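One structure below.
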Amino acid sequence: MKILKEIYGVGILFFYYMKYIILLGWPLLRYGLEYKENVIMNVLWVFCLMLFVKDLVYTFVLKKRYCDDGSCTSKK
Numbered sequence: 062m063k064i065l066k067e068i069y070g071v072g073i074l075f076f077y078y079m080k081y082i083i084l085l086g087w088p089l090l091r092y093g094l095e096y097k098e099n100v101i102m103n104v105l106w107v108f109c110l111m112l113f114v115k116d117l118v119y120t121f122v123l124k125k126r127y128c129d130d131g132s133c134t135s136k137k
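Sequential numbering from 62 applies to the sequence shown in this note's numbering.
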């Protein structure tokens, strides 16, 4: 069970930092530098696109933040 939590944590960190790089970089590599077709990178790009759209919807449409309930503020 611990290994699954570690894999989950690594996945969250990876996509949190890499989604914009993959989202912008893969089309540049494919069409600008003529890289070969890669199914794994295509699936990864689509997943990053879905994460980006989710972020846009949460930020601008639903106007939700992770700290809306006040749990992130420190009360002294």
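Yeah, the Cβ is synthetic: ideal placement off N, Cα and C, and Gly gets one too.
The model shown is predicted, which means the values in this text are computed figures rather than measured ones.
Exercise for review: Taking 8 Å as the cut-off, decide whether the C-beta atoms of Cys109 and Lys80 are in contact.
Suggested key: yes
Practice item. Report yes or no: do the stretch 88 to 104 and the stretch 69 to 80 share at least 3 C-beta pairs separated by less than 8 Å? Key: no
Practice item. Starting from the C-beta of Trp87, find all residues in its chain whose C-beta is less than 6 Å away, skip the five residues before and the five after it, and write them out in chain order. Key: Met102, Trp106
Point to revise | First and last residue of the uninterrupted alpha helix (DSSP H) at Tyr92 | key: Premise fails: Tyr92 is in no alpha helix (DSSP H) and is neither H nor E.
Practice item. Tell whether a beta-carbon distance below 8 Å holds between Leu84 and Phe113. Key: yes
Practice item. Quick one: give me the first and last residue of the alpha helix (DSSP H) that Phe113 is part of. Key: 100 to 117
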